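Visitor: Sequential numbering from 11 applies to the sequence shown in my numbering. Just so you know, even glycine gets a beta-carbon here, dropped at the ideal spot from N, CA and C. Only a predicted model underlies this, so the values are computations on that prediction, with no experimental measurement involved. Have a look at the structure that comes next, please.
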Amino acid sequence: MMISGQAAHTVPDVVTRSAYKLYGDSSAVTDLKRFPDRGHSLVVDHGWRTVAEYTLRWLARQGVCGRDTSRA
Numbered sequence: 011m012m013i014s015g016q017a018a019h020t021v022p023d024v025v026t027r028s029a030y031k032l033y034g035d036s037s038a039v040t041d042l043k044r045f046p047d048r049g050h051s052l053v054v055d056h057g058w059r060t061v062a063e064y065t066l067r068w069l070a071r072q073g074v075c076g077r078d079t080s081r082a
């Protein structure tokens, strides 16, 4: 999964979309999620939880489950 902050200047959205297109013929599970009005630091800026929750749901759809650390 590739994540793009559409307002990013460090790695612009067009770069992420181009990288995503390179996987077009790949058998790998590949998705692109674009977050509008988000910059390059979308995982540490305000609203980071939205990005994290989306990522966790995507991983769950792929059959990747996190481990439960609440009982550790």
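(1) Check each candidate in S36, K31, A17 and R71 and name the one with the smallest Cα separation from L42.
(2) Where are the alpha helix (DSSP H) runs, 4 residues long or more, that stay fully inside the region 14-43, in chain order?
(3) Bridge partners of M12, per DSSP?
(4) In terms of residue numbering, what span does the alpha helix (DSSP H) encompassing L52 cover?
(5) Hey, would you say Q16 sits closer than 8 Å to R44, going by beta carbons?
Guide: Reading off the structure:
(1) K31
(2) 23-32
(3) L42
(4) Here L52 belongs to no alpha helix (DSSP H), and DSSP marks it neither H nor E.
(5) yes
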